[in-house]
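In full-length UniProt numbering, the protein residues as written are 1 to 163. Using N, Cα and C, we set each Cβ at its ideal position, and we do this for glycine too. None of the values given here were measured: they were computed from a predicted structure. A quick write-up on the structure given underneath.
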């Protein structure tokens, strides 16, 4: 083989190699509500925190994908809602040459793992600006959540969706 043929073969192999690239991270939606303020600030602070998280993804043009991680936090002080905060943290990712199972895992677990620290910081900042104590959310194991969802779907006879 000539050097040119070797270079052409290497370029063709590189074109088929798996590729992953973060293009952009952004806040898609952000909301905060403190329905009982200012009265809630004069009460003894004994909060209970409920966290709801969700991910969704959609294909964009070519090999680009948008992944949106939604974190919703409801904090109650006793029976009263102290505040509700929500962030939709999104990212655009370039992902090429993955088999369907790897693509599903990348969109369902790997990308949310990248987005979570940004979403956590956005929520924490929002809550402290509302004059409440910092949330300091614990890390989330998206790989375990993804595995649980795949098992649930398998038991229900559902097919995983990439869109």
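Item	Value
Identity of the residues DSSP links to residue 36 by a beta bridge	In the DSSP output, where bridge partners are listed per residue, residue 36 has none listed.
Beta-carbon contacts of residue 118 that lie in its chain and below 6 Å, excluding the five residues immediately before and after	25 and 89
Residues near residue 163 in its chain [Cβ-Cβ closer than 8 Å; skip 5 each side]	Residue placement at residue 163 is flagged as unreliable, the pLDDT there being 45, under the threshold of 50; the coordinate-derived value follows with that caveat. Result list for residue 163: 57, 58 and 59, in chain order.
Coarse secondary structure for residue 16, derived from DSSP in three states	helix
Uninterrupted alpha helix (DSSP H) stretches inside the region 77-142 (no shorter than 4 residues)	100-105 and 111-129
Three CB pairs or more closer than 8 Å across the region 104-111 and the region 31-49	no
Straight-line Cα distance separating residue 130 from residue 150	38 Å
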